[in-house]
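Numbering (the working numbering), first residue to last: 41 to 192.
Here a beta-carbon is modelled for each residue, glycine too, at the ideal position from N, C-alpha and C.
Please read all numbers here as calculations on a predicted model, not as lab measurements.
Quick notes on the structure that follows.
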Amino acid sequence: GRTGSAYTAQIGTMQITEEVDALRTIGIAPMDLLVLPKLLALVIALPLLTVFADALSLFGGMVMAQALLDVSFTDFLERVPRVVTLTSFLLGVGKAPVFAAIIALVGCYQGFHVRGGADSVGRQTTVSVVQSIFLVIAADALFSVVLGGIGL
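See below:
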């Protein structure tokens, strides 16, 4: 929500101040300058953040297993590969670019649809967040159905 809303607010503000029109006037395609870099950045960054979050989650699980269940770090680390397969890890990381694309495209799209004044920026930012969350959940459900159907 945070990144997509920032994209919407930035592009929306540029719409209100007619900066997007100025870009078109001087022959610069707003899609190339405003959308493509944001899309590429998020598609690259979100999988990296996913790997980082996975590592921190495993570390947190390891600490809690030691503290609450008296499971040693070595026992925990020996059992992780049996429970968390490489396939499930790669599927999780593989979904991240799709989710990133959804977030970036919705955020930019809503930014370009800002009309009027500052209140419109706030409204479109809220719409952007709600649509992004809904579409990411829908895409994840679709992934679950399709991947479950082929046995992954």
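In three-state terms, what does DSSP make of residue i?
i    : result
D159 : helix
I194 : Because the chain is modelled from 41 through 192, residue 194 falls outside the range shown and cannot be assessed.
V120 : helix
T90  : helix
I84  : helix
By Cβ distance, which residues of its chain are closer than 7 Å to residue i, with the 5 residues on each side in sequence left out?
i    : result
V120 : L98
V146 : G44, S168, Q171, S172 and L175
Got a sec, what are the start and stop residues for the alpha helix (DSSP H) residue i sits in?
i    : result
S128 : L126 to F152
L73  : No alpha helix (DSSP H) contains L73, which DSSP labels as neither H nor E.
S196 : Given a span of 41 to 192 for the chain in the structure shown, any question on residue 196 remains unanswerable.
T43  : R42 to I56
L192 : Counting along the chain, L192 falls outside any alpha helix (DSSP H), and DSSP gives it neither H nor E.
I'd like the list of long-range same chain contacts for residue i, defined as Cβ closer than 8 Å, with 5 residues on each side in sequence excluded.
i    : result
C148 : Y47, T48, I51, L74, V75, K78 and L79
A141 : L79, L82 and V83
I56  : V154, G156, G157, A158, S160 and V161
Can you give me the Cβ contacts of residue i inside the same chain, cut-off strictly under 6 Å, excluding the 5 residues immediately before and after it?
i    : result
Q150 : T48, Q164, V167 and S168
*Specify whether the stretch 179-188 and the stretch 130-141 touch according to this definition: at least 3 beta carbon pairs, one from each stretch, less than 8 Å apart.*
yes
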